[in-house]
Structures are given as C-alpha cells and as structure tokens.
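Going down the list, the sequences are from chains A and B.
According to our numbering, the first sequence is numbered sequentially starting from 203.
According to our numbering, the second sequence is numbered sequentially starting from 203.
Think of the CB as a built atom: it goes at the ideal place given N, C-alpha and C, for glycine as much as any other residue.
As structure tokens, the structure follows; a few thoughts come after it.
There are 2 protein chains.
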Amino acid sequence: MTRYKELRQILADEIAAGKHAVGGRFPTEFELCDRFGVSRHTVREALRMLQDQGLLSRQAGAGTIVLARTRPTLYSQTLDSLDHLSDYAAETRFECSHEGFVTLRGALAETLGCAPGERWLRFAGLRRALTDDTAICWTEIFVAEPYAAIREQAAKETGSIYKLVVTRFGIEISEVEQRVSALAVPPEIAAALGIDAAAPALLTRRRYYANDAQTPFEITVSVHPGDRYSHTHRLKRGNGAGPS
Amino acid sequence: MTRYKELRQILADEIAAGKHAVGGRFPTEFELCDRFGVSRHTVREALRMLQDQGLLSRQAGAGTIVLARTRPTLYSQTLDSLDHLSDYAAETRFECSHEGFVTLRGALAETLGCAPGERWLRFAGLRRALTDDTAICWTEIFVAEPYAAIREQAAKETGSIYKLVVTRFGIEISEVEQRVSALAVPPEIAAALGIDAAAPALLTRRRYYANDAQTPFEITVSVHPGDRYSHTHRLKRGNGAGPS
DNA sequence: TGTTTCCAATTGTCCGGTCAATTACGCTTC
DNA sequence: GAAGCGTAATTGACCGGACAATTGGAAACA
C-alpha cells in the first residue's frame with residue numbers, strides 16, 4: 203500500500219465516520235502535511251482521489267469542503283453509440299411509405315408528449331431486416347420544424363434520420379429519453395406487419411435532445427410485435443469514479 | 203490556458219491525426235520533457251488526463267501505448283439506487299399469494315433464461331399501490347437455492363426481496379440485466395389483475411448478479427398491463443471522464 | 001451603513017530531484 | 001531452440017521548493 207492510498211483510506215474513513223461534517227471545511231493541505239508527515243504532493247494525490255470519488259470539493263481560495271459521507275453507489279448502463287439503443291442496430295433498413303408535415307392533435311400529441319398544434323415533419327414506414335426482408339417494426343419519425351430541411355436527403359436515407367440532422371446541422375445529441383410501453387397493434391399497422399390485429403406489441407418512444415435544449419429535435423415511435431423483439435439493457439455497478 | 207492543458211491538447215490532436223498509431227508506443231515522459239521543455243511533472247499531468255480519457259494506457263516498465271484515436275463518446279443511464287429501476291419505486295407493496303420451490307421446465311425455464319431442472323424458491327403475487335390498493339402488476343420472484351434460507355423472513359417482507367438476500371448474505375449486487383418485452387396477459391393473471399384476458403402487457407424480467415457470479419442469485423418477472431405502466435429511462439451523453 | 005480596497009489563506013501550477021517497482025530485451029546457459 | 005538471468009528503460013511514488021490564481025474577510029473609506 204502506497205502512502206497516498208493509505209492517506210485516502212484514513213481520510214475516507216474519517217469522513218464516513220462523520221468526523222468532518224458534510225458541508226463543512228476540510229483540513230487544509232498543509233495541515234494534513236504536518237499531521238501525517240508527508241509532502242504536499244502526497245496529500246494532494248490523496249485529496250484528488252477523494253475529489254474524483256465525489257466526497258470532496260476543492261477550490262483555490264475557498265479551501266476544501268466535504269460533499270458527502272460516502273461515495274454514492276451508482277448503477278449505470280453505458281452505450282458507446284446510440285445505435286446500440288436498438289438491439290438490431292445496423293442490420294435493418296427503413297422503408298419509408300409516408301412523408302409530410304403533420305399538426306399534432308389528440309392521441310398523437312399525447313403519444314409524442316408534445317403540445318397539440320405543433321407542426322412536425324413525419325416519416326412513417328416499415329423497418330425490415332437487411333438479410334431476409336422480414337418486417338421488424340413499424341416506425342414513425344418526427345423531426346422538429348426548424349430541421350425540416352433534411353427532407354430531400356431523407357428520401358435516400360435508409361439508416362437513421364437523426365444522423366442526418368446531426369451532421370447537417372452540426373448538432374450534438376446530449377440526451378435521449380426512451381419510454382417503453384405495451385399496446386395492442388392497431389389494425390393498419392398489423393396489416394403492414396402481416397400479423398393479427400390486437401396482438402401485443404412494444405411501443406417504444408425515443409426523444410432526442412440536442413445540447414441543452416428543453417425540447418427534443420426528433421422523436422421516433424416504433425411498434426414491435428411482441429414475439430419478434432425484446433428490449434434489453436444491463437446496469438452495472440460503478441463506483442463514483444476510479445479504481446479502489 | 204495552463205501548460206499541461208496545452209500539452210494535453212497538442213498530444214490529443216496528434217493522436218487524433220494518427221501521428222501515433224493505435225496500439226503503438228507513445229513517446230516516453232522524458233522525450234516529451236525534452237520536446238516541450240517542461241518538467242516531468244507537467245508531462246505526467248497531461249498524460250494522466252489522456253489516460254483518464256481512455257486514449258492512453260500506461261504501465262511501469264512497459265511504457266505508454268495508444269488505445270484509441272478519439273475518446274469514445276458514451277451515453278449512459280445512471281441510477282443511484284436499484285429502486286429506481288421501477289418507476290413506481292417504493293410506493294407499492296408486494297402481496298404474496300404463492301410461495302414454494304419450483305423445478306424449472308419448458309416455458310418457465312425459457313422465460314427465466316435458466317437451464318431446465320434447476321430448483322428455485324418462488325414467490326408470486328400482486329403488487330399494489332400503497333395509496334389506493336390498485337393492482338399494479340403481477341410479480342414472480344425467484345431466489346436461487348443457496349439463498350433459500352430467507353424464506354421465513356420473506357413472509358413479513360412487503361418491499362423488495364432482493365434486499366433481504368443482500369443484507370442476510372452480505373451480497374453486493376454488481377449487475378442487473380433487465381429485459382422488456384410484450385405479451386398478451388394469460389387468463390389467470392388477467393383474473394388476478396381484474397382486466398380482460400389477452401390484453402397487451404409489458405413483461406419485465408430482471409436478473410440480479412452478485413459480485414462476479416456467472417449466474418444470477420435472483421430473478422424477478424413482472425407483468426404490467428399496458429395502460430397502467432410504462433418503462434422510461436434517460437441516456438445522457440457523458441465524455442469518457444473528467445471535464446475538458 | 002454600504003462600498004471599495006487590500007491582505008492573508010488556500011488551492012493550482014510548475015520546477016527540480018531521488019529512489020522503487022515493473023517490464024522488455026538481450027545475453028548466457030543448457 | 002528454450003529457459004533462466006541480468007540489465008537498461010520506463011513509469012510510479014515520493015520529497016523539496018517557488019510563485020500564481022482565487023477567494024473570503026478584514027480594514028479602510030465614502
């Protein structure tokens with residue numbers, strides 16, 4: 203065990219024991235140097251780790267304050283790409299059969315979680331497997347009006363529309379909200395998918411947010427027949443940060 | 203801009219430009235000291251940041267190697283508590299109506315994703331809202347045989363069984379795998395929930411893994427009628443680590 | 001009393017150095 | 001050719017120091 207790791211352990215234990223009140227001042231670097239007989243470099247290394255773990259906050263001039271008694275245990279799911287949001291990812295193609303502007307009202311506005319009266323550019327169609335052309339799901343894609351200029355290019359696009367918006371307008375997606383619920387397949391969609399009407403299906407809604415926007419720039423809604431699809435994700439326990 | 207941040211920027215750009223091959227050796231600390239005319243401390247600070255970002259791997263004796271050209275942009279969902287896996291969280295109580303050992307076979311083994319023949323301790327019943335006693339969902343909880351000793355205490359438990367196992371056996375949950383699919387509600391469950399049979403519903407399966415175990419110690423399966431429930435999660439963009 | 005100015009405390013940034021731990025690699029040996 | 005060994009190279013872990021940047025509060029002032 204190295205010196206700064208010992209130090210980190212001791213200080214973390216003290217914080218956990220409540221010796222240093224949350225919100226209160228933590229001993230200064232020099233005080234800790236004196237107390238443990240180590241150099242400032244070693245103290246800083248220990249403090250940096252405690253800071254990374256979210257236990258301490260440090261600021262020049264203001265000193266070090268205690269943020270929490272124990273490091274929060276977080277469970278997290280991580281994706282290296284939004285493509286992995288769908289299990290099938292890049293193995294499908296979008297076959298657009300409807301395209302045009304719609305004004306949201308009633309059930310549609312509710313489904314999208316938007317105010318009635320808004321105008322969105324809508325693409326709707328089937329998503330098929332690249333290999334055998336099986337119908338995977340019915341998909342509707344709604345693009346906010348300011349980005350409707352992608353309409354022409356969208357005709358040629360068989361992958362993801364959101365990538366078009368992202369590249370064309372230089373957007374960075376900051377957040378995606380995904381909601382999954384169950385519904386009975388409506389007759390029109392059942393016909394398109396070639397299944398019985400009223401069969402159980404997954405309704406997936408994804409809202410894409412750009413940067414710090416309050417409203418999404420794109421919303422997609424998909425209907426997956428129950429027996430062809432399931433949505434899986436793994437949540438792994440991750441400490442605040444860094445190894446112990 | 204501080205010196206080590208400049209250094210980090212320069213080196214990150216060089217890596218992105220392909221000047222240092224992925225998998226190849228990166229210049230040593232002393233080489234960088236000479237090249238930029240800074241102390242080893244400054245170089246190490248820059249390298250540490252690049253390491254935190256997942257661009258470099260460093261090991262005493264082996265040197266520094268390039269891991270990736272650009273830092274992977276990760277999207278992640280984080281939970282501070284597993285209770286938030288369900289949107290309803292702590293506002294429900296479990297009303298156990300069946301309890302006992304079962305031997306997995308056929309459809310059940312398939313649903314749980316386990317080998318037929320295994321024995322699990324099973325609890326089944328309704329989960330009701332604390333406030334108005336509305337039936338929220340049908341839940342079945344399967345506990346692996348080694349932990350079946352919690353059976354007596356489970357009778358009194360109305361919250362989460364997994365917590366019982368965790369505290370009783372000193373387990374730390376390292377991972378949870380959640381799968382959501384759609385199904386038509388089976389008649390028996392429909393009757394218990396007071397809804398029409400064959401109505402669409404969400405089937406949620408959660409498998410809880412302890413530490414580094416290969417097999418879960420608990421599996422829960424829930425059936426939520428479609429119109430009473432939806433499963434939501436938000437994925438936020440997070441850089442590899444640390445601020446820029 | 002309210003505002004400004006200044007100072008001391010604290011962390012941040014950098015420099016210099018030494019020794020230890022780890023690993024790759026060339027050498028010897030069998 | 002394979003295995004063991006030793007050495008050099010490299011990163012890790014410390015020490016010491018100096019000055020800059022930031023901040024809170026005290027002192028001076030209007």
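{"Check": "Minimum Cβ-Cβ distance from A/G428 to chain B less than 8 Å", "Outcome": "yes"}
{"Check": "Cβ separation of B/K213 and B/L252, assumed to be a contact under 8 Å, to the nearest whole Å", "Outcome": "Sequence check: residue 213 of chain B is Leu here, not Lys. Their Cβ separation, rounded to whole angstroms, is 6 Å, which keeps B/L213 and B/L252 in contact under 8 Å."}
{"Check": "Residues in the region 372-403 of chain B having any Cβ partner in chain A nearer than 9 Å", "Outcome": "E374, I375, S376, E377, V378, E379, Q380, R381, V382, S383, A384, L385, A386, V387, A400, A401, P402 and A403"}
{"Check": "For B/S299, the nearest candidate out of B/R260, B/A356 and B/G308 (CA to CA)", "Outcome": "B/A356"}
{"Check": "Listed by chain order, chain A residues near B/D358 by CB distance under 8 Å", "Outcome": "The displayed chain sequence assigns Lys, not Asp, to residue 358 of chain B. Here the premise fails: no neighbours, minimum Cβ distance about 26 Å."}
{"Check": "Reduced DSSP secondary structure (H/G/I, E/B, other) of B/K365", "Outcome": "helix"}
{"Check": "Under 8 Å between C-beta atoms of A/Q279 and A/L437", "Outcome": "yes"}
{"Check": "Close beta carbons around A/E374, own chain, < 8 Å, minus the five adjacent residues each side", "Outcome": "V368, A412 and N413"}
{"Check": "Where A/K358 sits in the DSSP three-state scheme", "Outcome": "helix"}
{"Check": "Cβ pair A/F323, A/E359 closer than 8 Å", "Outcome": "Sequence inspection shows Leu at residue 323 of chain A; the Phe mentioned does not correspond to that position. Not closer than 8 Å, so no."}
{"Check": "Pick from B/G263, B/F344 and B/V382 that is closest to B/L366, judged by C-alpha positions", "Outcome": "B/F344"}
{"Check": "Three-state secondary structure (DSSP) of A/F228", "Outcome": "coil"}
{"Check": "Runs of alpha helix (DSSP H) wholly within the region 313-398 of chain B (minimum 4 residues, chain order)", "Outcome": "353-358, 363-371 and 389-395"}
{"Check": "Span of the alpha helix (DSSP H) around A/H243", "Outcome": "R242 to D254"}
{"Check": "CB contact below 8 Å: A/Q355 versus chain B", "Outcome": "no"}
{"Check": "Enclosing beta strand (DSSP E) for B/Y206 [first to last residue]", "Outcome": "Careful: B/Y206 lies outside any beta strand (DSSP E), inside the alpha helix (DSSP H) at R205 to A218."}
{"Check": "Local Cβ density within 10 Å of B/A401, reported as buried at 16 or more and exposed below that", "Outcome": "buried"}
{"Check": "Neighbourhood of A/T230 by C-beta, 8 Å cutoff - its chain only, sequence neighbours within 5 removed", "Outcome": "G265 and T266"}
{"Check": "Neighbour flag for A/S424 against chain B, beta carbons, 8 Å", "Outcome": "no"}
{"Check": "Cβ pair A/E420, A/Y431 closer than 8 Å", "Outcome": "no"}
{"Check": "Cβ shell of B/T336 (< 7 Å), same chain only, five flanking positions each side left out", "Outcome": "R330"}
{"Check": "Same chain only: Cβ atoms within 6 Å of A/G444, ignoring 5 sequence neighbours per side", "Outcome": "Because the pLDDT of A/G444 is 40, which lies under 50, any placement of that residue in the model is unreliable, and the question is left without a value."}
{"Check": "Member of B/W340, B/A262, B/E342 and B/I363 whose CA lies at the smallest distance from the CA of B/Y349", "Outcome": "B/I363"}
{"Check": "Nearest residue (CA-CA) to A/T272, options A/A248, A/T305 and A/D215", "Outcome": "A/D215"}
{"Check": "Same chain, Cβ closer than 7 Å to A/S376, five either side skipped, listed in chain order", "Outcome": "Y411, A412, N413 and D414"}
{"Check": "Exposure label - B/A384; buried when at least 16 CB within 10 Å", "Outcome": "buried"}
{"Check": "Chain A residues whose Cβ lies nearer than 8 Å to that of B/L281", "Outcome": "L276, Y277, S278 and L437"}
{"Check": "For B/L310, the residue or residues it bridges with in DSSP", "Outcome": "According to DSSP, B/L310 bridges with nothing at all."}
{"Check": "Residue environment, B/T305, which counts as buried when at least 16 other CB atoms sit within 10 Å", "Outcome": "exposed"}
{"Check": "Neighbour-count burial assignment, B/V224, 16 or more Cβ in a 10 Å radius", "Outcome": "exposed"}
{"Check": "For B/T244 and B/R260, the rounded distance between their alpha carbons", "Outcome": "16 Å"}
{"Check": "Cα-Cα separation, A/D236 to A/K207", "Outcome": "17 Å"}
{"Check": "Min CB distance B/L284 to chain A below 8 Å", "Outcome": "yes"}
{"Check": "Nearest-angstrom Cα separation, counted from B/G372 out to B/L310", "Outcome": "29 Å"}
{"Check": "Extent of the continuous beta strand (DSSP E) to which B/T294 belongs", "Outcome": "T294 to T305"}
{"Check": "Residues near A/A218 by beta carbon distance below 8 Å, same chain, minus five either side", "Outcome": "R271 and T272"}
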